[in-house]
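Visitor:
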Amino acid sequence: MPRYGFYLSAKDLLCLRRWSQRLIRRPFPGLSLYWKFKMERDIQALLKERILSLEEGYEQKIAELSVLKELGEALKGASLSDWNQLFLRQLDIIKKATGISSVSVMLIDDETQRLYIVSASMQGDAPKRPPILLKRGEGIAGRVFETSRTLYIPDVRKDSNFSDRGTNQRGSLACVPIVSEGSCIGVINFRDNVTSSFGSNDLRFFELIADQLSITASLVRTYQDLLDLEKKRINLGRYFSPGLAEHLVADDRMTGLGGQRKEVSVVFADITGFTSLVEITAVEDVVEVLNRFFETVVPVIFKHGGMLDKFLGDGIMAVFGIPDADELDPVKAIQCGVDIQKSMQALKERLTADNLFPIDVGIGIASGVVLAGNIGTRDQMNYTVIGEPVNLAQRLESISKPGEIIVSNITREMIPQGADIGVDFESMGAIRVKGISRDISPLRIVYR
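For the sequence shown, the numbering used here gives the first residue as 145, with consecutive numbering after it.
(1) Mind pulling the alpha helix (DSSP H) runs of 4 or more residues that sit fully within the region 498-582?
(2) For Ser245, does the three-state DSSP call read helix, strand or coil?
(3) Relative to the C-alpha of Lys406, which candidate in Val433, Ser420, Leu456 and Pro467 has its C-alpha closest?
(4) Could you work out which residue in Arg592, Ala241 and Met488 is closest to Thr501 when comparing CA atoms only?
(5) Sorted by chain position, which residues of the same chain lie with C-beta nearer than 7 Å to Asp458's C-beta, five sequence neighbours on each side aside?
(6) Can you grab the Cα-Cα spacing for the pair Ser210 / Asn337, in whole Å?
(7) So, with DSSP's three-state summary, where would you put Lys279?
(8) Suppose contacts are defined by Cβ-Cβ distances below 8 Å. Is Arg258 in contact with Leu277 by that definition?
(9) Look at the alpha carbon of Ala563 and the alpha carbon of Tyr527, and state the distance between them as a whole number of angstroms.
(10) Once you ignore the five residues that flank Ser307 on each side, which residues in its own chain have a CB closer than 6 Å to its CB?
(11) Hey, how far is the Cα of Ser245 from the Cα of Thr366?
(12) Going straight from the alpha carbon of Val262 to that of Phe412, what length do you get?
(13) Report the partner residues of Lys376 according to the DSSP bridge assignment.
(14) If you draw a straight line from the C-alpha of Phe593 to the C-alpha of Leu452, how long is it?
(15) I'd like to check one pair, Ile554 with Val475: are the Cβ atoms closer than 8 Å?
(16) Leaving out the 5 sequence neighbours to the left and right, which residues in its chain are closer than 6 Å to Asp299 when beta-carbon positions are compared?
(17) What separation, rounded to the nearest whole angstrom, lies between the Cα atoms of Phe289 and Ala361?
(18) With a 10 Å radius around its C-beta and 16 neighbouring C-beta atoms as the bar for buried, classify Ser552 as buried or exposed.
(19) In this structure, how does DSSP classify Leu259 when only helix, strand and coil are distinguished?
(20) Verify the CB distance criterion: does Leu317 have a CB-CB separation below 8 Å to chain D?
(21) Below 8 Å on the Cβ atoms is my guess for Asn345 versus Val247; work out the distance and round it to an integer in Å.
(22) Report back the beta-carbon spacing between Leu295 and Cys328 to the nearest angstrom; my notes put them in contact at under 8 Å.
(23) Given a threshold of 16 other Cβ atoms within 10 Å of its Cβ, counted over all protein chains shown, does Ala503 qualify as buried or as exposed?
(24) Where do the N-terminal and C-terminal ends of the beta strand (DSSP E) with Leu452 fall, by residue?
(25) Give the single residue among Gly315, Pro321 and Ser316 whose Cα lies nearest to the Cα of Gly286.
(26) To which residues does DSSP link Lys406 through a beta bridge?
(27) For the alpha helix (DSSP H) containing Asp441, name the first residue and the last one.
(28) Taking just the CA atoms, how far does Glu432 sit from Lys578?
(29) Identify, in the order they occur along the chain, each residue of the same chain with its Cβ nearer than 7 Å to the Cβ of Ser265, setting aside the five sequence neighbours on each side.
(30) What does the alpha-carbon distance come out to for the pair Val442 and His448?
(31) How many angstroms separate the CA atom of Ser511 from the CA atom of Phe569?
(32) Can you tell me whether Pro586 is buried or exposed? The criterion is at least 16 other CB atoms within 10 Å of its CB, across all chains shown.
(33) Buried or exposed for Arg539, going by 16 or more other Cβ atoms inside 10 Å?
(34) With a threshold of 8 Å on Cβ separation, who are the neighbours of Phe438 within its own chain once the five nearest residues in sequence on each side are excluded?
(35) Beta-carbon separation of Val444 and Ile484 under 8 Å?
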């Protein structure tokens with residue numbers, strides 16, 4: 145094998161053989177001998193230059209592979225919860241290996257569809273600037289994101305994206321798309337203070353780096369998606385049974401801010417005479433009784449397919465008809481109220497056995513159209529319903545006696561014809577309650 149790894153073709157060997165034969169037959173005289181040796185030296189110099197060039201190329205390839213390997217190893221044992229530090233660790237590796245002034249990563253926000261800087265490794269103490277948010281096609285990063293093609297600017301002073309800002313920035317910039325599964329998810333910016341700093345080999349290497357960082361970006365996005373799903377699952381678990389909450393995780397209607405008009409049945413259950421009991425009872429016992437009350441009532445609500453809206457001190461509010469309305473919602477609400485009252489008897493016996501004060505519950509049920517949705521901020525919100533049926537159900541509960549269930553006449557009218565709910569209705573006549581500007585005709589539930 146040749147020392148430097150060069151191989152001659154059959155044609156080259158034939159030419160060399162013929163040239164050697166001519167030299168043997170016609171030796172170089174005088175001046176011809178001089179040119180012979182000069183040609184040999186020129187050939188040796190050319191070969192040496194070629195060998196050095198190949199050696200430098202091999203060294204560059206090895207260095208590039210080492211950087212890519214180091215970027216991959218940076219992911220081992222890394223915490224995806226602190227993705228800024230994860231990216232920064234990789235960017236520092238890139239900056240150290242390339243010797244450039246700065247490198248930064250921008251990813252697309254799926255919700256706002258804006259590019260934002262995830263992490264950046266700068267030279268020295270970079271001045272703090274407002275967060276950069278770019279739309280598709282806006283600025284250099286926006287153009288690269290939109291086209292998924294690398295953009296190289298040898299001198300940023302000659303580019304309108306910089307000169308229009310009136311800045312004194314100088315040097316060169318290479319912006320490379322970060323592509324995952326065929327879609328552009330961000331860009332990586334390579335900056336150097338020297339103009340025309342990057343060659344074709346540098347740009348090719350930058351694209352390899354972008355491919356490596358696409359793995360990091362995909363891991364981060366997957367991790368964030370899983371966190372969002374878990375957050376939604378936990379949030380929905382506050383309102384619905386575990387099975388229904390799992391089913392609703394992918395339903396955006398329950399997770400965004402805003403509201404929808406829905407026809408529902410609202411149930412208010414409240415411990416009667418609780419205020420006077422609190423005045424003569426130890427605080428620890430009061431808390432224990434409340435927790436046992438809620439632990440008894442919540443499973444009953446979930447059993448009948450209701451949504452737990454909120455805890456109200458010594459009471460609880462449930463809604464039937466969320467997320468989807470059903471003509472049997474009034475029936476479910478009434479049956480839920482009956483089962484709550486029946487469960488109170490067993491709870492009272494347990495409380496008495498544990499030397500805690502027994503409790504009774506009054507229930508009010510009203511039906512109608514409400515506005516249902518999340519109220520609050522994107523980071524802290526609560527799903528609830530607002531409307532007259534909510535107010536009326538609470539007022540009906542306030543006039544109920546221990547063990548009673550009072551429903552609005554609208555709830556009675558909404559029960560489908562022929563539905564067997566196992567209860568009777570007893571009219572209470574026309575009455576006026578606080579907060580309602582008209583007379584109402586509630587009914588008392590007679591259950592067995």
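Every residue, glycine too, gets a C-beta built ideally from N, C-alpha and C.
Note that this is a predicted model, so its numbers are computed, not measured.
Guide: Reading off the structure:
(1) 532-542 and 553-557
(2) By one-based count along the sequence shown, residue 245 stands at place 101. Correct three-state label for Ser245: coil.
(3) Position 262 of the sequence shown, counting from 1, holds the residue named residue 406. Selected option, being the one with the closest Cα: Pro467.
(4) Translated into the one-based positions of the sequence shown, residue 501 becomes position 357. Strictly speaking, residue 501 in this sequence is Phe, with Thr absent from that position. Cα-wise, what sits closest to Phe501 is Met488.
(5) Within the sequence shown, residue 458 is the residue found at index 314, counting from 1. Non-local C-beta neighbours of Asp458 in its own chain, meaning closer than 7 Å and more than five positions away in sequence, comprise Asp414, Ile415, Phe418 and Leu434, ordered along the chain.
(6) The residue given as residue 210 occupies position 66 in the sequence shown. The residue given as residue 337 occupies position 193 in the sequence shown. Between Ser210 and Asn337, the C-alpha separation is close to 25 Å.
(7) Stepping through the sequence shown from its first residue, residue 279 is reached at position 135. Coil.
(8) As a position in the sequence shown, residue 258 is number 114, starting the count at 1. As a position in the sequence shown, residue 277 is number 133, starting the count at 1. Yes, these two residues count as a Cβ contact at 8 Å.
(9) Within the sequence shown, numbered from 1, the residue matching residue 563 stands at position 419. Within the sequence shown, numbered from 1, the residue matching residue 527 stands at position 383. Going by C-alpha positions, Ala563 is about 30 Å away from Tyr527.
(10) The sequence position of residue 307 within the sequence shown is 163, counting from 1. A caution first: Ser307 carries a pLDDT of 48, below 50, which makes its placement in the model unreliable, though a value can still be read off. Taken in chain order, the list of residues that qualify is empty.
(11) Counting from one through the sequence shown, the residue named residue 245 turns up at place 101. Counting from one through the sequence shown, the residue named residue 366 turns up at place 222. When rounded, the distance between both Cα atoms is 31 Å.
(12) Working through the sequence shown from its first residue, we reach residue 262 at position 118. Working through the sequence shown from its first residue, we reach residue 412 at position 268. Looking at the two C-alpha atoms, the distance is approximately 47 Å.
(13) If you number the sequence shown from 1, residue 376 lands on position 232. Lys376 is not bridged to any residue.
(14) The structure shown does not extend to residue 593, since the chain is modelled only from 145 through 592, so no value can be given for it.
(15) Within the sequence shown, residue 475 is the residue found at index 331, counting from 1. Within the sequence shown, residue 554 is the residue found at index 410, counting from 1. No. Outside cutoff.
(16) Within the sequence shown, residue 299 is the residue found at index 155, counting from 1. Thr339.
(17) Within the sequence shown, numbered from 1, the residue matching residue 289 stands at position 145. Within the sequence shown, numbered from 1, the residue matching residue 361 stands at position 217. Answer to the nearest angstrom: the Cα atoms are 14 Å apart.
(18) Working through the sequence shown from its first residue, we reach residue 552 at position 408. That one is buried.
(19) Residue 259 sits at position 115 when you count from the first residue of the sequence shown. Strand.
(20) Absent here is chain D; the protein component of the structure consists of one chain.
(21) Working through the sequence shown from its first residue, we reach residue 345 at position 201. Working through the sequence shown from its first residue, we reach residue 247 at position 103. In fact, because the Cβ distance is near 17 Å, the residues do not count as touching under 8 Å.
(22) For the purposes of this step, residue 295 is taken as residue 151 along the sequence shown, with counting starting at 1. For the purposes of this step, residue 328 is taken as residue 184 along the sequence shown, with counting starting at 1. Contact doesn't hold; Cβ gap of about 13 Å is too wide.
(23) If you number the sequence shown from 1, residue 503 lands on position 359. With the sequence shown as reference, residue 503 is identified as Ile, and Ala is not the correct amino acid for it. Result: buried.
(24) For the purposes of this step, residue 452 is identified with residue 308 of the sequence shown, where counting begins at 1. Looking at the DSSP string, the run of the beta strand (DSSP E) that includes Leu452 is Met451 to Leu456.
(25) Translated into the one-based positions of the sequence shown, residue 286 becomes position 142. Looking at the Cα atoms, Pro321 is the closest of the given residues.
(26) Locating residue 406 in the sequence shown gives position 262, counting from the first residue. Note: Lys406 is bridge-paired with Val514 in the DSSP secondary-structure output.
(27) Taking the first residue of the sequence shown as position 1, residue 441 is located at position 297. Rather than Asp, the amino acid found at residue 441 in this sequence is Val. It spans Val427 to Lys447 - the alpha helix (DSSP H) in which Val441 sits, taken as one unbroken run.
(28) Along the sequence shown, one-based indexing puts residue 578 at 434. Along the sequence shown, one-based indexing puts residue 432 at 288. Cα to Cα, Lys578 sits roughly 32 Å from Glu432.
(29) As a first step, residue 265 must be located in the sequence shown, where it is residue number 121. Once the five neighbours on either side are set aside, the close Cβ partners of Ser265 are Leu232, Leu235, Asp236, Lys239, Ser246 and Val247.
(30) The count along the sequence shown starts at 1 and reaches residue 442 at position 298. The count along the sequence shown starts at 1 and reaches residue 448 at position 304. Cα to Cα, Val442 sits roughly 10 Å from His448.
(31) Against the sequence shown, residue 511 aligns to sequence position 367. Against the sequence shown, residue 569 aligns to sequence position 425. CA-to-CA, the gap between Ser511 and Phe569 works out to about 16 Å.
(32) Sequence index remark: in the sequence shown, residue 586 carries index 442 (1-based). Buried, by the Cβ-count rule.
(33) Taking the sequence shown and counting its residues from 1, one reaches residue 539 at position 395. Buried: at least 16 other Cβ atoms inside 10 Å.
(34) Counted from its first residue, the sequence shown places residue 438 at position 294. So the qualifying residues of the chain are Phe455 and Ile460.
(35) One-based indexing of the sequence shown puts residue 444 at position 300. One-based indexing of the sequence shown puts residue 484 at position 340. Yes, these two residues count as a Cβ contact at 8 Å.
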